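Here my numbering is used: the first residue of the sequence shown is 71, the next is one more, and so on.
For each residue, glycine too, the CB sits at the ideal point set by N, CA and C.
Note that the structure is a prediction, hence the values are computed from the model and not measured.
A short write-up of the structure that comes next.
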Amino acid sequence: MENQLKKLTKNERELLLKAPVLISILAASTDEKIDRKEQKEAIELSHLRTFTSNPILQPFYKEVEIVFKKNLEELLHKYEPFNVTRQNLIKSELKTIYNLLSKLDDKFEKELKESLESYRKHIANVHIKFTDFFDFSNF
71 MENQLKKLTK
81 NERELLLKAP
91 VLISILAAST
101 DEKIDRKEQK
111 EAIELSHLRT
121 FTSNPILQPF
131 YKEVEIVFKK
141 NLEELLHKYE
151 PFNVTRQNLI
161 KSELKTIYNL
171 LSKLDDKFEK
181 ELKESLESYR
191 KHIANVHIKF
201 TDFFDFSNF
């Protein structure tokens with residue numbers, strides 16, 4: 071399958087490459103902050119996806135990896151503080167990105183949506199703290 075990113079304009083491609091970062095920020099900022107562990111995990115996951123994702127997505131994730139740290143720093147700065155208003159802005163930007171996917175092949179679109187959802191779940195799981203599993207209110 072041809073590189074799907076070539077079907078997009080330069081600006082659309084740059085926006086699409088920000089999707090994993092935006093998803094990471096949204097998933098990790100439910101407590102209105104993002105710690106270094108969450109940032110590190112998001113960076114590591116972007117690298118892992120270059121060879122663990124579906125082969126049709128690997129060219130996408132290779133490009134994501136190249137710009138991930140830069141985009142993370144830029145978007146962390148842009149969306150701090152991570153309050154509800156800022157989280158809604160991130161959701162709006164993600165909606166724009168998801169609308170771009172219709173320009174790509176159906177199979178690529180489906181695989182990318184599934185991959186981004188698993189990305190979100192992974193980062194959200196890092197966000198859960200050990201003590202969240204216990205109810206200490208009775209002590």
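From residue i to residue j, what distance separates their C-alpha atoms?
| i | j | result |
| --- | --- | --- |
| asparagine 158 | glutamate 114 | 26 Å |
| arginine 190 | serine 99 | 12 Å |
| serine 188 | lysine 180 | 13 Å |
| leucine 174 | lysine 161 | 21 Å |
| arginine 119 | lysine 148 | 25 Å |
Using 8 Å for Cβ pairs, my map puts residue i next to residue j. What's the rounded Cβ distance?
| i | j | result |
| --- | --- | --- |
| lysine 88 | asparagine 141 | 5 Å |
| phenylalanine 130 | leucine 182 | 7 Å |
| leucine 170 | leucine 86 | 6 Å |
| glutamate 133 | isoleucine 193 | With 8 Å as the limit, glutamate 133 and isoleucine 193 do not qualify as a contact, their Cβ atoms being about 19 Å apart. |
Look at residue i and residue j and say whether their C-beta atoms are less than 7 Å apart.
| i | j | result |
| --- | --- | --- |
| leucine 92 | glutamate 163 | yes |
| serine 116 | proline 151 | no |
| isoleucine 95 | leucine 145 | yes |
Out of the options, state which residue places its alpha-carbon closest to the alpha-carbon of residue i.
| i | options | result |
| --- | --- | --- |
| glutamate 84 | Thr120, Glu108 and Ile136 | Ile136 |
| aspartate 101 | Leu174, Arg156 and Asn73 | Arg156 |
| asparagine 81 | Thr166, Ala97, Ile126 and Arg106 | Thr166 |
I'd like to confirm something about residue i: is its beta-carbon nearer than 6 Å to some heavy atom of the ligand ZN, or not?
| i | result |
| --- | --- |
| leucine 75 | For the structure depicted, the ligand ZN is absent and the ligand set is empty, with no information on it obtainable. |
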